[in-house]
Amino acid sequence: MSTGRVRRTLIAYDIPHDRRRTRIAKALSQYGDRIQYSVFVVDILPASLVRLMVELKGLIDTTEDSILF
1 MSTGRVRRTL IAYDIPHDRR RTRIAKALSQ YGDRIQYSVF VVDILPASLV RLMVELKGLI
61 DTTEDSILF
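Per my numbering, the very first residue in the sequence shown carries number 1; after that it's consecutive.
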């Protein structure tokens with residue numbers, strides 16, 4: 001599989017704090033489509049997915065929040 005191809009990625013999150021949850025949703029809406037309240041699907045290049053992961057990691061509290069890719 002070529003590393004330069006767009007891949008469909010499902011992203012689900014569980015974030016108890018309203019402000020952080022809103023920030024995550026806004027960030028993800030720039031990359032893909034919401035399919036449920038806390039679930040997005042994005043079509044993204046692998047390099048862009050790494051950038052998205054870094055961006056989201058900066059927005060969450062790792063002791064309380066969970067994001068699954």
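Glycine is no exception: its CB is placed at the ideal position from the N, C-alpha and C atoms. Note that this is a predicted model, so its numbers are computed, not measured.
- prompt: Once you ignore the five residues that flank I11 on each side, which residues in its own chain have a CB closer than 8 Å to its CB?
  reply: In the sequence shown, counting from the first residue as 1, residue 11 sits at position 11. In chain order, L28, G32, V39, F40, V41, V42, I67, L68 and F69 place their CB closer than 8 Å to the CB of I11, counting only its own chain and leaving out the 5 sequence neighbours on each side.
query: By how many angstroms is the C-alpha of L45 removed from the C-alpha of L52?
result: Your numbering for residue 52 matches position 52 in the sequence shown. Your numbering for residue 45 matches position 45 in the sequence shown. When rounded, the distance between both Cα atoms is 10 Å.
- prompt: Run through DSSP, which three-state label would S29 get?
  reply: Translated into positions along the sequence shown, residue 29 becomes position 29. Three-state result, S29: helix.
Straight-line Cα distance separating K57 from D18: As a working note, residue 18 is residue 18 in the sequence shown. As a working note, residue 57 is residue 57 in the sequence shown. Answer to the nearest angstrom: the Cα atoms are 16 Å apart.
message: Please tell me whether I24 and Y37 are closer than 7 Å, where the distance is taken between their beta carbons.
response: Translated into the one-based positions of the sequence shown, residue 24 becomes position 24. Translated into the one-based positions of the sequence shown, residue 37 becomes position 37. For I24 and Y37, no; Cβs fall outside 7 Å.
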